[in-house]
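The structure appears below as structure tokens.
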Amino acid sequence: MDKDKKYKVKNQKYNYLILLFGHNSSGKSTISKEMLKYFELSRVNGDEIREFLKDKINYFKDSNYSYPNEKISKVNILVTQLRIDLIKELINSNQNILIDGSGIKKSARKKFTQLVKDNKKYKTIIIETKISEIELLKRLMKRDLSNSNDKWVYHYEEFRKERYESLSKSEGDFCLEYNQKNLDELILNLKEIINN
Numbered sequence: 010m011d012k013d014k015k016y017k018v019k020n021q022k023y024n025y026l027i028l029l030f031g032h033n034s035s036g037k038s039t040i041s042k043e044m045l046k047y048f049e050l051s052r053v054n055g056d057e058i059r060e061f062l063k064d065k066i067n068y069f070k071d072s073n074y075s076y077p078n079e080k081i082s083k084v085n086i087l088v089t090q091l092r093i094d095l096i097k098e099l100i101n102s103n104q105n106i107l108i109d110g111s112g113i114k115k116s117a118r119k120k121f122t123q124l125v126k127d128n129k130k131y132k133t134i135i136i137e138t139k140i141s142e143i144e145l146l147k148r149l150m151k152r153d154l155s156n157s158n159d160k161w162v163y164h165y166e167e168f169r170k171e172r173y174e175s176l177s178k179s180e181g182d183f184c185l186e187y188n189q190k191n192l193d194e195l196i197l198n199l200k201e202i203i204n205n
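The sequence shown begins at 10 in our numbering and counts up one residue at a time.
Listed below in structure tokens is the structure:
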């Protein structure tokens, strides 16, 4: 596949809202950056918005996103609302949209897919990033070791593991899986979906 040329679809019938979700450290940011090499997408990333708030707003400077607390809950509400407002604007501009975020609960994913539910110009593609628990814990431990204040393993084991809801086929027009080894296949599937 030629990464130097973005995949452009002639006579594209629909615009696409692509929602990429999975556990922290499951590869969402990596795969979304790969997708941007192939497709013209407007990417909406909650982590980047959180980092902006942490870097630019004094009140949030000491926020630790690996450990849930009242301040982080406020940040998450702000980030979700900003993402929704941004996505609405992109929909009004007929953009193809890539949302990457944890979205571990169906209700969280539904907030985004509902934005195009009645819009006949849009189809939804939902991609779940799958990873073995052993590999996930290794990645989370690596994150923890890179910053002594982080508690990603604790956050996963105490909060996120039990709350995780896998993708059901009824959630989107197209439901795909990324398993850490099928990137080329995933890109080909996306091209095929967009081309039909």
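Note that CB positions come from ideal geometry on N, CA and C, so glycine has one too.
Problem - Distance CB(Ser-38)-CB(Ile-140) smaller than 8 Å - result: Locating residue 38 in the sequence shown gives position 29, counting from the first residue. Locating residue 140 in the sequence shown gives position 131, counting from the first residue. Inclusion of Ser-38 and Ile-140 in the CB contact set at 8 Å is not warranted, their separation being larger than that value.
Exercise for the section: Please classify Lys-114: does DSSP put it in a helix, a strand, or coil? Expected result: The residue labelled residue 114 in the question sits at position 105 within the sequence shown. Coil, per DSSP.
Exercise for the section: Taking only the alpha-carbon atoms, compute the straight-line gap between Ile-58 and Asn-105 and give it to the nearest angstrom. Expected result: In the sequence shown, the residue the question calls residue 58 occupies position 49. In the sequence shown, the residue the question calls residue 105 occupies position 96. Cα to Cα, Ile-58 sits roughly 19 Å from Asn-105.
Practice task
Answer with buried or exposed for Lys-19, where buried requires no fewer than 16 other C-beta atoms within 10 angstroms of its C-beta.
Solution key: Position 10 of the sequence shown, counted from the start, is the residue given in the question as residue 19. Confidence at Lys-19 is low in this model, with a pLDDT of 49, below 50, so its placement is unreliable and the value that follows should be read with caution. With fewer than 16 Cβ atoms within 10 Å of its Cβ, Lys-19 is classed as exposed.
Exercise for the section: Determine the DSSP secondary structure at Thr-109, reduced to helix, strand or coil. Expected result: Translated into the one-based positions of the sequence shown, residue 109 becomes position 100. Before going further, note that residue 109 is Asp rather than Thr in the sequence given. Asp-109 falls in the strand class under three-state DSSP.
Handout entry: Lys-132 - containing beta strand (DSSP E), residue span
Key = Here residue 132 refers to the residue found at position 123 when the sequence shown is read from its first residue. For Lys-132, the enclosing beta strand (DSSP E) covers residues 131–138.
Handout entry: Leu-28, DSSP secondary structure in three states
Key = By one-based count along the sequence shown, residue 28 stands at place 19. Strand, per DSSP.
Exercise for the section: Compare the beta carbon distance of Ile-143 and Tyr-25 with 8 Å and say whether it is the shorter of the two. Expected result: Here residue 143 corresponds to residue number 134 of the sequence shown, with the count starting at 1. Here residue 25 corresponds to residue number 16 of the sequence shown, with the count starting at 1. A distance of 8 Å or more separates the beta carbons of Ile-143 and Tyr-25.
Practice task
For Lys-160, count neighbouring C-beta atoms within 10 Å of its own C-beta (all shown protein chains included) and say buried if the count is 16 or more, exposed if not.
Solution key: Counting from 1 along the sequence shown, the entry for residue 160 is found at position 151. Buried, because 16 or more other Cβ atoms sit within 10 Å of the Cβ of Lys-160.
Handout entry: Alpha carbon of Phe-69 to alpha carbon of Asn-103, nearest angstrom
Key = Translated into positions along the sequence shown, residue 69 becomes position 60. Translated into positions along the sequence shown, residue 103 becomes position 94. Spanning the alpha carbons of Phe-69 and Asn-103 requires a straight line of approximately 33 Å.
Exercise for the section: With a 10 Å radius around its C-beta and 16 neighbouring C-beta atoms as the bar for buried, classify Glu-137 as buried or exposed. Expected result: Here residue 137 corresponds to residue number 128 of the sequence shown, with the count starting at 1. Looking at its Cβ environment, which holds 16 or more other Cβ atoms inside 10 Å, Glu-137 is buried.
Handout entry: Inter-residue Cα distance where the pair is Lys-114 and Phe-168
Key = By one-based count along the sequence shown, residue 114 stands at place 105. By one-based count along the sequence shown, residue 168 stands at place 159. Near 12 Å, if we compare the C-alpha coordinates of Phe-168 and Lys-114.
Exercise for the section: Pair every Cβ in the region 107–124 with every Cβ in the region 173–190, then say whether three or more of these pairs are closer than 8 Å. Expected result: Between the region 107–124 and the region 173–190 there are three or more C-beta pairs closer than 8 Å, enough to call the two in contact.
Problem - Nearest-angstrom Cα separation, counted from Gln-21 out to Asp-56 - result: Translated into the one-based positions of the sequence shown, residue 56 becomes position 47. Translated into the one-based positions of the sequence shown, residue 21 becomes position 12. Approximately 30 Å between the Cα atoms of the pair.
Practice task
List the DSSP bridge partners of Glu-186.
Solution key: In the sequence shown, the residue the question calls residue 186 occupies position 177. Beta-bridge pairing links Glu-186 to Glu-137.
Practice task
Quick one: using the 10 Å Cβ neighbour count with 16 as the cut-off for buried, is Lys-61 buried or exposed?
Solution key: Stepping through the sequence shown from its first residue, residue 61 is reached at position 52. With the sequence shown as reference, residue 61 is identified as Phe, and Lys is not the correct amino acid for it. It counts as exposed.
Practice task
Could you tell me the distance, in whole angstroms, from the CA atom of Lys-126 to the CA atom of Ser-157?
Solution key: Counting from 1 along the sequence shown, the entry for residue 126 is found at position 117. Counting from 1 along the sequence shown, the entry for residue 157 is found at position 148. Answer to the nearest angstrom: the Cα atoms are 43 Å apart.
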